[in-house]
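First to last, the protein sequences are chains A and V. So for the first sequence, this note's numbering puts the first residue at -1; every next one is plus one. So for the second sequence, this note's numbering puts the first residue at 146; every next one is plus one. Note that beta-carbon positions come from the ideal geometry of N, C-alpha and C, so glycine has one too. Note that this is a predicted model, so its numbers are computed, not measured. First up is the structure itself, then whatever we jot down about it.
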Amino acid sequence: MAKINPVRQQIITISRDYLGPASERFIDRQVETHLKKPVDEITRNDIVKLVEWIRLAFALLTNDSREVEEYVNRLLEVAKNKKATLSYNR
Amino acid sequence: MTSPVKQLEKDSLTLQLKREKAEADTLFMSIGEGAFVTDSHGRISKVNKPAIDILGFSKRELIGKWYPDTVVAEDSHGQIIPKINRPITQVFLTGQTITSRIYYRRKDGSRVPVSLSVAPVLKGSKPVGAIEVFRDITQELTLEQAKDDFIAVSSHQLRTPATAVKQYIGMLIDGFAGKLSRDQQKLLRRAYDSNERQLKIIEDLLQVARVDAGNIALYLETSDLILLLKDVVREQLSKIHSRNQTISLESQHSSILVLMDQARMRMVFENLVDNAIKYTPPRKKITVRITRKRAKVVVEVMDEGVGISADDIDKLFQKFSRIPNDLSVEAGGTGLGLYWAERIVKLHHGKIEITSTPKKGSSFNVSLPLIIKNHTDKI
């Protein structure tokens, strides 16, 4: 059975709070496009670069800057190997 | 405390930065087309006069405002384009410069068609925003519409008398007006063939006019693609034999069911196989290969023909585009077949891709989804 990349899984789990069911496709596309690597090879070191693009794309989907920053910070926490559990209170 | 020399250097650097910023601002403001810059929060940080003129907003109404809500984008049917599909969002999803034709809603609520190009703004390799340049294409669209209307009307008007000519020549050949000499038969046969070609061109023009006008409704039904392709190949056999070519149909499956408009997809494949025949020299091979890949089916029409250079591949799907090569004069045609075929495949949510090597051959790959949701899609 194929091993699930935990970093990808964490990013997608966080993204679901903001992007809903489209998050998997959204994240995978961002990884392949901007990091030029297969989605299953993403590491914590890739997150900072990835977040730069995600921030801009997400900022065009919501006008709530606080939500954008919260999403970005939660992703960056994954880069620092912290447990990302904060949930946006809507 | 800063030494006077250091202070002087600092002042000089500040002055230089200010000058460079002023130059960049002047350059931005002098762009002849409308232009926006958005920041990392999707807010408009710069806008020039043509953009203000096109959209009817004041500068104050644009600067600092969230771009997606302020500049509303619509498609040709007047539907608001979802934020995720807007060109500016696609820039960050794809990392590419996006060019597109959409409609913007002006301040007074009217619509303006624009052709735009958006690119990410990078500081080093870090994306910090986007720049969009756009222009009003109202006049271009009016001209295009007039041209399409002209083609539609004129081809319709041409078809009726041309069809009558066909009937009368057919009657003459069949002896309705008395027995014909061999020379008379020969000349009338030529007239009949020329008239057939003329009708084919008129029919092509009409098909394209219908697609362009959005008057094509697909009649989708579950059909066997293999059966259809077998039929297309069988019908072309006499032409293939007359050119001393060979053709093979390859598939691992005996049947592949696809939701499609059978008549129109048939014409797409007839077009591709016909092109392969016309642009392949005698004694060469044509292969039609069908493969199933997950939720799609791919039909490859491969030839050992004259091939197409990389520069010309994009031109192939343009209306009235004909690529000159060793066989193009002999092959004839209107340059409408591939334009039409691509539109029909797109209506089936599929795509046509081409790989080609000049003087070695080409492969036209049509991929179609095995299931399509909307049964009465219109464009």
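Under a criterion of Cβ atoms nearer than 8 Å, the residues of chain A adjacent to V/TYR212 are, in order, LEU58. Taking a C-beta cut-off of 8 Å against chain V, the contacting residues of the segment 0 to 31 of chain A are ALA20, PHE24, ARG27, GLN28, THR31, listed in chain order. Using beta-carbon distances, V/THR283 does not count as an interface residue toward chain A, since no partner is under 8 Å. Here V/TYR248 carries a strand assignment [DSSP, helix/strand/coil].
Annotated as distal: V/GLY506 and V/GLU415, with beta-carbon spacing of 8 Å or more.
The residues LEU333, ALA336, TYR337, ASN340, in chain order, have a CB closer than 8 Å to that of V/ILE314 in the same chain once the five nearest residues on each side in sequence are set aside. Residue pairing from DSSP places V/TRP211 in a beta bridge opposite V/ARG188.
When DSSP assignments are scanned along the segment 331 to 401 of chain V, the uninterrupted stretches of alpha helix (DSSP H) that are 4 or more residues long and fall wholly within it turn out to be 370 to 387. Unbroken alpha helix (DSSP H) runs of no fewer than 4 residues, entirely contained in the segment 149 to 195 of chain V, are found at 149 to 174, following chain order. At least one beta carbon of chain V lies nearer than 8 Å to the beta carbon of A/ASN61. With respect to the C-alpha of V/LEU373, the residue from V/VAL278, V/ILE489, V/ALA408, V/GLN284 having the closest C-alpha is V/ALA408. With a contact defined as Cβ atoms closer than 8 Å, V/ILE189 and V/THR215 qualify at about 7 Å.
Neighbours of A/GLU50 in chain V, taken as residues whose beta carbon is under 8 Å from its own, are LYS271, PRO272 in chain order. Collapsing the DSSP output to three states places V/LYS460 in a helix. The beta carbons of V/ASP369 and V/SER400 sit closer together than 8 Å.
Here A/VAL29 carries a helix assignment [DSSP, helix/strand/coil].
For V/PRO232, the enclosing alpha helix (DSSP H) covers residues 232 to 239. Apart from the 5 residues on each side of it in sequence, V/TRP211 sits with its Cβ closer than 6 Å to the Cβ of GLY187, ARG188 in its chain, given in chain order. V/ARG205 and V/ALA218 do not touch by the CB rule: their CB atoms are close to 21 Å apart, not below 8 Å. Of the other Cβ atoms in all chains shown, fewer than 16 fall within 10 Å of the Cβ of V/PRO149; this residue is therefore exposed.
Under the Cβ distance rule, A/LEU54 counts among the residues neighbouring chain V, one pair being separated by less than 8 Å. DSSP places A/THR11 in the uninterrupted alpha helix (DSSP H) bounded by 4 to 17.
One finds nothing in chain A with a Cβ atom closer than 9 Å to the Cβ of V/PHE414; even the nearest lies about 31 Å away. According to the DSSP assignment, V/ARG467 belongs to no alpha helix (DSSP H), since it is labelled neither H nor E. Contact between V/ILE229 and V/ASP220 is absent: CB atoms are separated by about 14 Å, not below the 8 Å threshold.
In terms of CA proximity to A/GLU22, A/ILE52 leads the group A/ASN43, A/ARG42, A/ILE52. Under the 8 Å criterion on CB atoms, A/VAL70 is classed as non-interfacial with respect to chain V. If you draw a 10 Å sphere on the C-beta of A/SER13, you find 16 or more other C-beta atoms in it, and that means buried. Contacts with chain A at 8 Å (Cβ-Cβ) include V/PHE237.
Under DSSP, V/ALA264 takes part in a beta bridge, and its partners are V/ILE276. It is roughly 10 Å from the alpha-carbon of V/ILE385 to the alpha-carbon of V/THR425. Listed as beta-bridge partners of V/PHE509 by DSSP are V/VAL446, V/ILE499. Interface with chain A (8 Å Cβ-Cβ cutoff): V/ILE229 is included.
Closest option to V/ASP170, judged by alpha-carbon separation, among V/ASP253, V/VAL192, V/GLU154: V/VAL192.
Close partners of V/GLY240 in chain A (Cβ separation under 8 Å): THR31, HIS32, TRP51. In the three-state DSSP reduction, V/ASP220 falls in the coil class, being neither helix nor strand.
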